[in-house]
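Counting with the numbering used here, you get residues 89 to 802 for the letters of the sequence shown.
Glycine residues also receive a C-beta, built at the ideal position from the N, C-alpha and C atoms.
Given the structure is predicted, the values throughout are model-derived calculations rather than measurements.
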Amino acid sequence: MSGRSHGELVFSDWLRFQNVVTHNDGISLDGNSLDVPSVVAISRYGALASVDKCPLVVGRIRGSVEFLQEELKKDHSIYGINTGFGGSADTRTQSLRALQTALIQMQISAVLPPNKTQAPGEVTAIYGRALPNNDVMAALSMPEAWVRGAMLVRSNSLIRGHSAVRLFIIENIVKLLQNDCVPLVPLRGSISASGDLCPLSYIAGALEGNPDVRVWTGDRKSRRLAPANEVLTQLGMQPVSFGPKEGLGVLNGTAVSAAVAALALHEANHLAVLTQVLTAIGVEALSGTTASFDPFIAKVRPHPGQTEVALNISSFLEGSKLARADDTRSDGQLRQDRYALRTSSQWLGPYLEDLLLAHSQLSHELNSTTDNPLIDAQAQKIHHGGNFQAVSITSSTEKTRLALQMMGKLLFAQSSELLDVRLNNGLPPNLSADEPSLSYTLKGVDINMAAYMAELALLANPASSHVQNSEMGNQSVNSLALVSTRYTHMAVDVLSLMASAYLYSLCQALDLRVMQAKFLEKLQPAIEEITTEMFSPFIPPTELTALHNSLWPAVGHALQSTATSDSCDRFTKVAMQAHCHLLAFKFRSSSNTDKFPIPYSDLLTWNSRVAKTSHSIFLSARTSYLAHPDATSYLGAASKRIYKFVRQGLNIPFHRGLCDHPAPKCSGGENLANTGSRISVIHEALRTGRLMVPVMECLGESLRDGASHSGAKL
């Protein structure tokens, strides 16, 4: 274990990723130094990889091939080289090359979209025009990024020199990768027991020039599928004729599961940091307190993950004018924040520790030899074992997927609180900037979040508990690593939707909170002025000051309790509730305690003036803010950076309400967009990695402040 905190690990991986993507030479595969960010950079962003041809690497590869040849001359029985496969390993053959071809033929067996040039004869008019229920290519085949990752990881494993696969075959895999020629590989069909045999067989089929194995080729704007033999000719490559063990060496390994898991873990780690940032923004949006993250709380329960989350969130909140520094509140309010904010460090912390272990497991797997048998040329020995059993990957991905579910549950709870007018500390219902009777701005998002959360919770179930006996009982236990990894990607997909929607809601809430703050800044002195003007003739200055001090909290409570009313009625209700407080206020200087010191007619006038003035100030503050919305001066270190990215970097504006619906009759309709379209822009920025730039800046600042100095470490 590295001894780094989760934040230190993620930030280090981020810097490494940036370096690989921008470094023209890419990375050199040596079998020992492949890491998660390099897999991501090469799989998804087109960074380059090459084979390290130093004497040590080349010597290891050559040594394993030569030692195997010597063993075969002794007529020894060696699994998969002169025996059958799996439960059929009781057969023997001397047709060693044909046996490797038979293995590949046996494994190229899963379902892909049909090759239209080989489609069966005419179909009836009815069935020929049937629309598919899904995107057939996406439903049946792996994304190219997954296959690119598998080619990279398998090459790195073969380079280790324990597989007796010749160097030029490894170079051919890498050459396909360098030229962005990616085999079409089935999505399903692997139990990840004897490695990912089925998906890797399509890579082997491409190497041998199988005309029924298709390969993605062409530039990124015009990808097309072509037969493998045509692609090899196009690249000037000769089809491979696999020698003894070479087909098995390519197929028998965990590379697909490991690569796909690395891609998922990379995003999961980013989402873990983003969840902490969003939680900090949620504290501000909900007028929460920083006291929940006081270092003493973690000090007396010193779990490293909890400590790290609390320190990060404290750093992210630095400088905020919206988060309260203490947890003192008026009577009638909760004494402390609800669990979704107050216990967020205790909720997330253990899963940072799990993600660290998941990262360690995958880092080992990326630099492991995972086939069978294993060649130890130095010790002159062949080992028959089970390194292909990918349970380490299953263990990693199932921890990751559960962590994703826990992140989602936290964000869902925070979002539900934010969008519930009864719980959000004075924000308008549905975060509507206009009148609540005709504007339901984010109510749909509230429903979306429930749908997302339900699906995410379903995906959190383990795959490993569903293992089935397979292949003549030989593979009676199998890891289901690729199945688990696929579901982890689905969990990443769903949590990304949740994070995008919640971020949109948070930015809306920040604007509303600041608009409210500006309104209250003007309202308080206005009410005090009216109160002083009307009541100073009847009560002494000391009691007038006491009245001001007690009246303002009552006004604040009235504003919260009337948030569902349209503004034309709301402030009449606010004035009436404040009026009741006036009647209940104990005027100690009154000589006759049974007589109220202020004439009732003046109270009615006060009511009217407060209602009218409050309404006028509210409309003015709202109009002014809608014209130039900008919450940055009130925000903490992280929320300021993220808010500016959303509002300026992504050009997503403050939602003004019903007037922002992009109907034909709306003026300026060309600049309007549906709520879902706005959230979709955030989602795209998250999935491409663009959003992670400001998020990592927040994390880097926290690390520089020492926020993760004693964080989650393994």
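Inter-residue Cα distance where the pair is residue i and residue j
i, j, result
"Gly764", "Leu544", "20 Å"
"Asp307", "Pro231", "16 Å"
"Ile247", "Arg148", "8 Å"
"Arg775", "Thr529", "25 Å"
"Ile627", "Leu639", "15 Å"
"Ile686", "Thr652", "32 Å"
"Asn107", "Ala773", "20 Å"
"Pro287", "Asn317", "18 Å"
"Glu785", "Asp101", "14 Å"
"Gln424", "Ser310", "57 Å"
"Pro299", "Ala314", "9 Å"
"Thr485", "Ala137", "25 Å"
"Leu191", "Gly277", "15 Å"
"Leu591", "Phe500", "12 Å"
"Gln77", "Glu334", "With the chain running from 89 to 802 in the structure shown, residue 77 is simply not present."
"Ser679", "Leu608", "With a pLDDT of 48 at Ser679, under the threshold of 50, the modelled position of that residue is not reliable, and the figure given next carries that caveat. Going by the C-alpha atoms only, they are around 35 Å apart."
"Asn120", "Ser451", "10 Å"
"Gly91", "Arg150", "37 Å"
"Phe673", "Thr660", "20 Å"
"Tyr575", "Val124", "19 Å"
Beta-carbon contacts of residue i that lie in its chain and below 6 Å, excluding the five residues immediately before and after
i, result
"Leu585", "Tyr540"
"Pro782", "Arg729, Ile730 and Phe733"
"Ala642", "Ala666 and His669"
"Asp113", "none"
"Tyr427", "none"
"Val582", "Tyr540, Glu543 and Leu544"
"Asn739", "none"
Same chain, Cβ closer than 7 Å to residue i, five either side skipped, listed in chain order
i, result
"Phe155", "Ile463, Ala465 and Gln468"
"Val365", "Phe404, Ala726, Ile730, Val783 and Cys786"
"Pro750", "Gly757, Leu760, Ala761 and Asn762"
"Leu647", "Gly514 and Val662"
"Glu616", "His636"
Distance CB(residue i)-CB(residue j) smaller than 8 Å
i, j, result
"Gln596", "Leu519", "yes"
"Ala356", "Thr488", "yes"
"His94", "Glu523", "no"
"Thr189", "Phe330", "yes"
"Asn557", "Gly174", "no"
"Leu598", "Glu372", "yes"
"Val301", "Ile169", "no"
"Pro461", "Tyr167", "yes"
"Asp140", "Leu117", "yes"
"Val270", "Arg236", "yes"
"Ala252", "Ser152", "yes"
"Ala238", "Ala379", "no"
"Val361", "Val98", "yes"
"Ala663", "Ala715", "no"
"Ala569", "Ile481", "yes"
"Leu746", "Ser527", "yes"
"His358", "Met780", "yes"
"Thr367", "Leu507", "no"
"Asn477", "Ala281", "Going by the sequence as given, residue 477 is Gln instead of Asn. The answer is yes: Cβ separation under 8 Å."
"Asn400", "Leu323", "no"
Proximity test, residue i beta-carbon vs the ligand PLP heavy atom, cut-off 7 Å
i, result
"Phe105", "Among the components modelled here there is no ligand, and therefore nothing to report on the ligand PLP."
Bridge partners - residue i, DSSP secondary structure assignment
i, result
"Leu117", "Val139"
"Thr181", "Partner(s): none; Thr181 has no beta bridge."
"Thr377", "Arg412"
"Val270", "Trp304"
"Ser229", "Pro274"
"Thr171", "Arg180"
Own chain partners of residue i with C-beta closer than 8 Å, once the 5 adjacent residues on each side are dropped
i, result
"Val122", "Residue identity differs from the one stated: residue 122 is Leu in this sequence, not Val. Taken in chain order, the residues that qualify are Ile115, Leu240, Val241, Asn244, Leu454 and Asn455."
"Pro327", "Leu295, Glu296, Gly297, Asn317 and Leu320"
"Thr720", "Lys728, Tyr731 and Lys732"
"Ser165", "Thr171 and Arg180"
"Leu265", "Ile130, Ala137, Arg236, Met239, Leu240 and Ser243"
C-beta neighbour in chain D for residue i, strict 8 Å
i, result
"Ser765", "Looking at the structure shown, chain D is missing, and only one protein chain is on hand."
- Task: Could you pull out every unbroken beta strand (DSSP E) segment of at least 3 residues lying fully inside the stretch 558-607, listed in chain order?
- Result: none
Sequence ranges, beta strand (DSSP E) only - wholly within the stretch 442-510, length at least 3 | 462-464 and 469-471
### Task
Could you tell me which uninterrupted beta strand (DSSP E) segments, each at least 3 residues in length, are contained entirely in the stretch 281-355, listed from first to last along the chain?
302-305 and 312-315
> Residue ranges of each alpha helix (DSSP H) run of no fewer than 4 residues wholly in the stretch 502-557, ordered along the chain?
Replying inline: 531-547
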